[in-house]
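Colleague:
Residue numbers (the numbering used here), protein chains in the order written: chain A, 3 to 548; chain Y, 3 to 548.
Printed below as a string of structure tokens:
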């Protein structure tokens with residue numbers, strides 16, 4: 003039962019070490035290169051994807067009373083794939099039935115299954131890239147990275163964290179208490195890791211694997227059966243994942259139903275039924291703050307791990323590389339049409355302008371610099387498509403079209419239908435429009451009295467409405483130090499003076515804790531200790547030593 | 003600011019190591035000996051206690067708008083001590099005001115304060131013993147151990163766990179990402195420990211220090227101001243603790259109001275106001291399941307750590323040391339008149355009797371053996387008082403008096419008023435009377451069809467109603483193995499074949515996790531990682547490396 007564990011143990015130990023030191027590390031290459039993934043991996047991945055279209059997706063032995071699935075690629079065609087579907091109660095019962103064997107399997111058997119599944123998922127990253135691309139609207143390069151190796155990083159991080167924590171304390175001990183001149187009392191003690199129950203992973207439309215893998219793998223590693231509930235528009239990436247996990251489970255002699263797929267149809271979602279079932283003890287959720295509130299109010303039998311709505315801010319206080327600032331920020335605004343949870347929305351600029359290496363820049367000149375950098379980034383249509391991808395959801399197009407009236411247009415959004423470049427609007431700091439999330443390729447350049455006011459406003463907004471990222475460009479080290487204090491106190495990660503190929507949107511596995519849990523944008527941090535500890539308990543038996 | 007940390011660092015590191023290996027270890031001697039605590043420590047402790055009686059208890063600089071306190075020793079006299087009292091809002095405001103400085107102090111400064119306070123509390127263990135004795139009714143020896151060194155163990159355990167976890171990941175890192183032939187991207191990253199907010203510790207009547215120290219010290223170590231809310235009948239032990247902590251805080255240049263005392267009067271409790279204040283983010287609570295349910299329903303802004311109502315079971319399936327079994331169990335039943343959260347209540351015995359080293363014993367013979375062992379233990383009146391102590395609460399006497407009719411009396415309770423030895427009742431397994439907590443010196447010998455049925459019933463009861471301990475006496479190793487599986491799955495710690503001077507009631511710091519969190523008797527385990535991780539968050543700032 004520990005053959006898989008032994009096989010992948012070097013990777014596990016390296017991951018656990020990387021978690022502690024938090025430098026750059028990954029075992030999963032992010033470059034979609036034939037040299038790494040195999041000479042024909044790209045073509046084979048595409049062919050594998052196409053072979054799945056327009057037919058039933060088979061998952062051996064999965065509960066099935068219906069077939070559901072109506073995914074439409076944001077790039078055009080319907081996928082035409084149907085998936086095995088079953089009632090919430092049947093899925094819960096199947097998970098419950100798998101629970102004792104999964105718990106009894108022990109730590110190394112479960113960790114081994116998780117690691118082997120990750121190795122297989124990594125090898126199929128080109129197939130996964132196509133699946134993610136055509137369910138999320140991400141351009142291919144991003145779908146490969148975020149849907150494949152970067153998601154696998156997050157999964158491995160969770161597995162390594164779970165392993166480190168489950169083995170943190172001795173599994174057995176000899177407890178010998180002196181009794182003065184009498185013989186000591188000697189007990190043998192043994193501790194068992196006891197999983198807490200069925201786990202539910204509620205996926206999102208935009209990052210079906212990246213945002214769900216941490217929870218799925220953390221729960222499975224700690225012995226909890228996982229019901230994977232994909233967004234109805236982005237089923238395939240998680241269906242592929244579930245199929246791989248079930249296959250490895252069976253090969254390891256464990257019940258396939260330790261991982262289940264919960265497919266539903268838009269308008270007939272089964273999420274609430276699953277989330278409130280008394281058997282469900284853990285819920286990982288990525289999505290709106292409104293549904294997060296619903297879960298908090300109703301799914302009170304479960305421990306919740308969430309990533310929710312937030313408003314990410316940028317403060318531009320000064321720069322000794324104005325062109326680099328504009329280019330860097332332009333990419334962050336344009337990438338995947340602003341649909342990343344890490345994308346900036348509010349850009350605070352002093353009304354009186356800033357100092358730069360190009361001399362003083364007025365508010366409008368700063369805004370114009372950003373707008374021009376976006377234009378330059380997207381000037382080549384092919385490159386533009388590779389950056390923007392597509393809007394995952396038609397509602398985002400409607401929101402974008404309605405947003406033009408919210409401020410003074412600094413840059414028009416271009417593109418039609420699912421293709422949309424950033425809309426840039428100037429608004430006053432007192433205007434409440436910038437005080438809430440406006441999801442999609444919409445950004446506000448917000449005038450504030452001075453840079454410190456911008457820092458205060460951004461930090462306050464993070465504290466009140468949540469934020470996953472914050473960015474600052476500044477040359478005044480004293481003010482940078484004040485900003486650090488303000489954003490740390492507001493519980494939001496801060497990036498300072500980024501330029502070149504590192505962007506505020508980026509959150510690296512094994513180094514960046516994604517979401518802090520310290521503001522309303524989420525309760526879970528990927529992956530800290532608190533992400534794994536509630537998923538199991540320790541129970542002891544002790545007796546006099548033999 | 004780190005002088006205190008440096009001074010106590012060897013103890014801290016030894017504690018952290020003990021937590022991992024979980025063998026016997028403690029820096030705080032449990033023997034109330036003049037050789038350890040000073041030749042005149044006993045007399046000085048008593049004199050210190052007596053000097054506190056019948057006057058106002060002063061806490062320098064503490065918020066105070068009234069004086070409250072009406073403690074009555076279960077051994078007789080009124081304490082006559084009044085304590086500074088303030089409205090909940092004033093206490094919250096004081097804690098909030100202390101919050102930034104406590105957070106800014108950093109890890110080592112806070113840990114140093116906690117360790118220095120523990121050293122001082124240890125030195126005053128004889129005073130604390132008298133304070134605990136006369137607020138809880140514990141006999142002196144127990145009050146010394148449980149109120150002093152054993153409580154200090156639990157505090158140190160929490161401090162060491164908090165320290166280990168706050169320093170688990172690198173506080174800063176150089177993140178260097180290769181870029182093929184181009185220069186690597188190099189970021190410097192810094193992580194800050196950010197405390198979550200005001201913490202509330204709700205104490206209990208029976209173990210004011212032991213049950214509250216873990217939460218108080220875990221929250222303080224992780225940077226959260228702590229409002230200590232004692233049970234109105236057991237204020238003095240926590241008032242002494244708060245006074246020591248505030249003195250050390252001030253000496254370390256930190257705000258005294260990082261630790262506050264919230265005194266109230268019976269019938270005018272301020273617990274609910276404090277618990278539901280939006281500023282309160284952490285609550286440690288020991289008490290009834292009913293109030294635990296209230297907190298879960300109403301204090302939803304806070305993370306709850308609880309120890310609650312449970313029903314502890316014993317299964318007697320067989321023994322090769324029947325006399326030792328009876329003597330061991332008798333002590334567990336009699337100690338502090340069954341008022342320990344770890345005391346057994348239900349003793350499952352096969353209706354057809356068991357095999358022992360003394361030959362077969364019928365159900366009645368087993369019961370008689372236990373009853374006789376209790377009689378023998380308590381035959382000497384002085385020793386009986388030293389074992390039983392006093393009933394902390396008059397309601398326990400009323401419950402005891404009413405309990406006689408619940409079953410066939412196997413052993414009468416002796417003693418009057420606050421002095422009470424165990425009442426032993428025979429009941430049938432089908433009788434629902436043994437299905438709920440009956441707090442105090444009341445135990446049921448429950449007839450079951452066979453030992454496996456007893457194991458199943460005890461495990462089921464733990465799962466449904468909660469349990470903190472379980473004990474089994476058996477000689478059949480196959481059945482012992484089955485029992486281990488049953489109790490592990492029910493989430494309750496199991497002690498097997500105890501004899502001599504180790505009792506099911508005992509839970510040792512640094513080795514036994516007290517309460518599993520895996521059944522309704524509590525959500526927190528003393529002290530696992532999950533006990534400290536929700537008390538702080540990590541927030542990062544990053545920038546290109548210089």
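Cβ atoms here follow ideal geometry from the backbone N, Cα and C, with glycine treated the same way.
Just so we're clear, the structure is a prediction, and the values are computed from it rather than from any experiment.
Return the chain-ordered list of same chain residues with a C-beta closer than 7 Å to the C-beta of residue 459 of chain A, the five sequence neighbours on each side being excluded.
Modeller: Counted from its first residue, the first chain places residue 459 of chain A at position 457. Cβ neighbours of residue 459 of chain A beyond the five flanking positions: 350, 431, 450.
Colleague: Let's see if you can read the secondary structure: which residues bound the alpha helix (DSSP H) around residue 307 of chain Y?
Modeller: For the purposes of this step, residue 307 of chain Y is taken as the residue at position 305 of the second chain. First-last for residue 307 of chain Y: 305-309, but that is the beta strand (DSSP E), not the alpha helix (DSSP H).
Colleague: Per DSSP, which residues does residue 546 of chain Y bridge with? Please list them.
Modeller: If you number the second chain from 1, residue 546 of chain Y lands on position 544. Partner(s): Y:189.
Colleague: Answer with yes or no whether the minimum CB distance from residue 305 of chain Y to chain A is below 8 Å.
Modeller: On the second chain, position 303 is the one that residue 305 of chain Y refers to. Not an interface residue.
Colleague: Which residue's Cα is closest to the Cα of residue 9 of chain Y: Y:102, Y:397, Y:27, Y:114?
Modeller: Translated into the one-based positions of the second chain, residue 9 of chain Y becomes position 7. Measuring from the Cα of residue 9 of chain Y, the nearest candidate turns out to be Y:114.
Colleague: Starting from residue 181 of chain A, trace the beta strand (DSSP E) in both directions and tell me its first and last residue.
Modeller: Numbered from 1 along the first chain, position 179 holds the residue referred to as residue 181 of chain A. First-last of the beta strand (DSSP E) with residue 181 of chain A: 174-181.
Colleague: Can you tell which of Y:493, Y:457, Y:441, Y:18 has its C-alpha closest to the C-alpha of residue 311 of chain Y?
Modeller: Residue 311 of chain Y sits at position 309 when you count from the first residue of the second chain. Out of Y:493, Y:457, Y:441, Y:18, Y:441 has the C-alpha closest to the C-alpha of residue 311 of chain Y.
Colleague: As an exercise, report each continuous alpha helix (DSSP H) stretch of at least 4 residues that is fully enclosed by the segment 236-283 of chain Y, in chain order.
Modeller: Complete alpha helix (DSSP H) runs here, min 4: 238-253, 273-277.
Colleague: Can you tell me which of Y:418, Y:241, Y:188, Y:231 puts its alpha carbon nearest to the alpha carbon of residue 206 of chain Y?
Modeller: By 1-based counting over the second chain, the position of residue 206 of chain Y is 204. Nearest C-alpha to residue 206 of chain Y: Y:231.
Colleague: Residue 390 of chain Y: which of Y:376, Y:400, Y:153, Y:403 sits nearest, CA to CA?
Modeller: Counting from one through the second chain, the residue named residue 390 of chain Y turns up at place 388. Taking only the C-alpha atoms, the option nearest residue 390 of chain Y is Y:376.
Colleague: Just to confirm, is the Cβ distance from residue 212 of chain Y to residue 156 of chain Y under 8 Å?
Modeller: For this step, residue 212 of chain Y is matched to residue 210 along the second chain. For this step, residue 156 of chain Y is matched to residue 154 along the second chain. Cβ distance < 8 Å, so residue 212 of chain Y and residue 156 of chain Y count as in contact.
Colleague: Output needed in chain order: residues of the segment 150-169 of chain A with a Cβ under 7 Å from some Cβ in chain Y.
Modeller: Of all residues in the segment 150-169 of chain A, 167 have a Cβ within less than 7 Å of some Cβ in chain Y.
Colleague: 8 Å is my cut-off, CB to CB: does residue 535 of chain Y come that close to chain A?
Modeller: As a first step, residue 535 of chain Y must be located in the second chain, where it is residue number 533. It does: the Cβ of residue 535 of chain Y has a partner Cβ on chain A nearer than 8 Å.
Colleague: Taking Cβ positions, are residue 272 of chain Y and residue 279 of chain Y nearer each other than 8 Å?
Modeller: Here residue 272 of chain Y refers to the residue found at position 270 of the second chain. Here residue 279 of chain Y refers to the residue found at position 277 of the second chain. Cβ atoms of residue 272 of chain Y and residue 279 of chain Y: not closer than 8 Å.
Colleague: May I have the straight-line CA-CA distance separating residue 361 of chain Y from residue 331 of chain Y, to the nearest angstrom?
Modeller: Counting from one through the second chain, the residue named residue 361 of chain Y turns up at place 359. Counting from one through the second chain, the residue named residue 331 of chain Y turns up at place 329. Residue 361 of chain Y and residue 331 of chain Y: Cα-Cα distance of roughly 19 Å.
Colleague: Interface residues of chain Y around residue 496 of chain A at Cβ under 9 Å?
Modeller: The residue labelled residue 496 of chain A in the question sits at position 494 within the first chain. Ordered by position in chain Y, the residues that pass the 9 Å Cβ test against residue 496 of chain A are 541, 542, 543, 544, 545.
Colleague: Using only alpha-carbon positions, find the residue among A:78, A:44, A:264, A:141 that is nearest to residue 69 of chain A.
Modeller: Taking the first residue of the first chain as 1, we reach residue 69 of chain A at position 67. Ranking the options by Cα distance to residue 69 of chain A, first place goes to A:264.
Colleague: Where in the segment 38-80 of chain A do unbroken runs of the alpha helix (DSSP H), each at least 4 residues long, occur, reported from the N-terminal end onward?
Modeller: Those alpha helix (DSSP H) runs which fall completely within the segment 38-80 of chain A and span 4+ residues are 43-54.
Colleague: Using C-beta distances below 6 Å, list every residue in its chain close to residue 164 of chain A, excluding the 5 sequence neighbours before and after it, in chain order.
Modeller: Here residue 164 of chain A refers to the residue found at position 162 of the first chain. Answer for residue 164 of chain A: 220, 223, 224, 534, listed in chain order.
Colleague: Quick check on residue 209 of chain A - is its C-beta less than 8 Å from some C-beta in chain Y?
Modeller: In the first chain, the residue the question calls residue 209 of chain A occupies position 207. It does not: the Cβ of residue 209 of chain A has no partner Cβ on chain Y nearer than 8 Å.
Colleague: When the cut-off is 8 Å and only beta carbons count, does residue 283 of chain A lie next to chain Y?
Modeller: Walking along the first chain from the start, residue 283 of chain A turns up at place 281. No, its Cβ sits nowhere closer than 8 Å to a Cβ of chain Y.
Colleague: Would you list, in sequence order, the uninterrupted alpha helix (DSSP H) runs of no fewer than 4 residues that lie entirely inside the segment 475-503 of chain A?
Modeller: For the segment 475-503 of chain A, whole alpha helix (DSSP H) runs of length 4 or above, ordered along the chain, are 479-492.
Colleague: So is residue 200 of chain A in contact with chain Y if we call contact Cβ pairs under 8 Å?
Modeller: Residue mapping note: residue 200 of chain A aligns to position 198 of the first chain, counting from 1. Not an interface residue.
Colleague: When burial is assigned at 16 or more other CB atoms within 10 Å of the CB, is residue 516 of chain Y buried or exposed?
Modeller: Working through the second chain from its first residue, we reach residue 516 of chain Y at position 514. Label assigned to residue 516 of chain Y: buried.
Colleague: Given that residue 172 of chain Y touches chain A, what residues does it touch there, using C-beta distances under 9 Å?
Modeller: Indexing the second chain from 1 puts residue 172 of chain Y at position 170. Ordered by position in chain A, the residues that pass the 9 Å Cβ test against residue 172 of chain Y are 22, 23, 24, 25.
Colleague: Kindly identify the DSSP beta-bridge partner or partners of residue 286 of chain Y.
Modeller: What you label residue 286 of chain Y is simply residue 284 of the second chain in a count that begins at 1. DSSP lists Y:203, Y:307 as partners of residue 286 of chain Y.
Colleague: Taking all protein chains shown into account, do 16 or more other C-beta atoms lie within 10 angstroms of the C-beta of residue 339 of chain Y, making it buried, or fewer, making it exposed?
Modeller: Taking the first residue of the second chain as 1, we reach residue 339 of chain Y at position 337. The residue in question, residue 339 of chain Y, is buried, as its Cβ has 16 or more Cβ neighbours within 10 Å.
Colleague: Residues of the segment 496-530 of chain A in Cβ contact with chain Y at a cutoff of 8 Å, in chain order, please.
Modeller: Those residues of the segment 496-530 of chain A that come within reach of chain Y (Cβ to Cβ, closer than 8 Å) are 496, 497, 498, 499, 500, 501, 502, 503, 504, 510, 513, 514, 515, 518, 519, 520, 527, 530.
Colleague: Leaving out the 5 sequence neighbours to the left and right, which residues in its chain are closer than 8 Å to residue 541 of chain A when beta-carbon positions are compared?
Modeller: Position 539 of the first chain, counted from the start, is the residue given in the question as residue 541 of chain A. Counting only Cβ-Cβ distances below 8 Å, and skipping sequence neighbours, we find 193, 194, 196.
Colleague: Helix, strand or coil for residue 394 of chain Y per DSSP?
Modeller: Sequence index remark: in the second chain, residue 394 of chain Y carries index 392 (1-based). It is coil, neither helix nor strand.
Colleague: Between the C-alpha atoms of residue 35 of chain A and residue 509 of chain A, what's the straight-line distance to the nearest angstrom?
Modeller: Here the question's residue 35 of chain A lines up with position 33 in the first chain. Here the question's residue 509 of chain A lines up with position 507 in the first chain. Spanning the two alpha carbons is a distance of roughly 22 Å.
Colleague: How far does the beta strand (DSSP E) with residue 302 of chain Y in it reach, from first residue to last?
Modeller: Translated into positions along the second chain, residue 302 of chain Y becomes position 300. No beta strand (DSSP E) holds residue 302 of chain Y; DSSP gives it neither H nor E.
Colleague: At least one CB of chain A closer than 8 Å to the CB of residue 489 of chain Y: is that the case?
Modeller: Working through the second chain from its first residue, we reach residue 489 of chain Y at position 487. Closer than 8 Å: yes.
Colleague: Got a sec: is the Cβ-Cβ distance from residue 493 of chain A to anything in chain Y below 8 Å?
Modeller: Position 491 of the first chain, counted from the start, is the residue given in the question as residue 493 of chain A. Output row for residue 493 of chain A: interface = yes.
Colleague: Evaluate contact between the segment 123-131 of chain A and the segment 39-55 of chain A, counting only Cβ atoms and requiring at least three cross-stretch pairs below 8 Å.
Modeller: Cβ pair count under 8 Å is three or more, so yes.
Colleague: Excluding five sequence neighbours on each side, which residues of the same chain lie with their C-beta closer than 6 Å to the C-beta of residue 75 of chain A?
Modeller: Sequence index remark: in the first chain, residue 75 of chain A carries index 73 (1-based). Within the same chain, residue 75 of chain A has close Cβ partners 136.
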